[in-house]
Amino acid sequence: MSAIEREDFLSFVTSKASTTIYTVPTADIQSITQEASKHKFHAKTVFDDDAEEGFLVIGQDETAVKKVANILPNQRELCRREQALKIKEKELEEQKADVAKGGSALRVAAGGAVVGAVGTWAGLAFA
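Using the working numbering, you'd call the opening residue of the sequence shown number 29 and step up by one each time.
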């Protein structure tokens, strides 16, 4: 795919989207948000105070911009929990391998309980 075809595709998607999310340096978020207002765009930011980058949600439909900006923190937290669950699952697999080699079955059972608890907690948090 050529650069022109990619640019045309992105222009097409942008014309259909009610909002767009950009990842921008947190140092620039305030100035970009102000500039967006000058161009009659609604903009909301989502970032952690200690982060180097944050999300800028921009669009012409204020309701859609607010909706997306409100969803983003929950999605980030869900991704963090999913990552933690994957790490715990990997640890459990390693413990199972240890048992297969003659390790402690109690460690495997405890690891399974932790993975189950993390999975339940993540599921209930977004139910």
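By construction, the Cβ of each residue, glycine as well, lies at the ideal position given by its N, Cα and C atoms.
### Query
Would the beta-carbon of A71 fall within 8 Å of that of V52?
Counting from 1 along the sequence shown, the entry for residue 71 is found at position 43. Counting from 1 along the sequence shown, the entry for residue 52 is found at position 24. For the pair A71 and V52, the CB atoms are not nearer than the 8 Å cut-off.
### Query
Looking only at C-alpha atoms, which of F37, E117, T61, H67 sits nearest to L74?
Here residue 74 corresponds to residue number 46 of the sequence shown, with the count starting at 1. First, the amino acid is wrong: residue 74 is Val here, not Leu. Checking every option, the nearest Cα to that of V74 belongs to T61.
### Query
Quick one, are the C-beta atoms of A92 and S59 less than 8 Å apart?
Against the sequence shown, residue 92 aligns to sequence position 64. Against the sequence shown, residue 59 aligns to sequence position 31. No, the pair does not count as a contact, with Cβ atoms beyond the cut-off.
### Message
Can you tell me whether A79 is helix, strand or coil according to DSSP?
### Response
Counted from its first residue, the sequence shown places residue 79 at position 51. A79: coil per DSSP, three-state reduction.
### Task
List the endpoints of the continuous beta strand (DSSP E) containing A45.
Locating residue 45 in the sequence shown gives position 17, where the first residue counts as 1. No beta strand (DSSP E) contains A45, which DSSP labels as neither H nor E.
### Task
Can you give me the Cβ contacts of E122 inside the same chain, cut-off strictly under 8 Å, excluding the 5 residues immediately before and after it?
For this step, residue 122 is matched to residue 94 along the sequence shown. For E122, same chain residues with a beta-carbon under 8 Å away, outside a window of 5 residues either side, do not exist.
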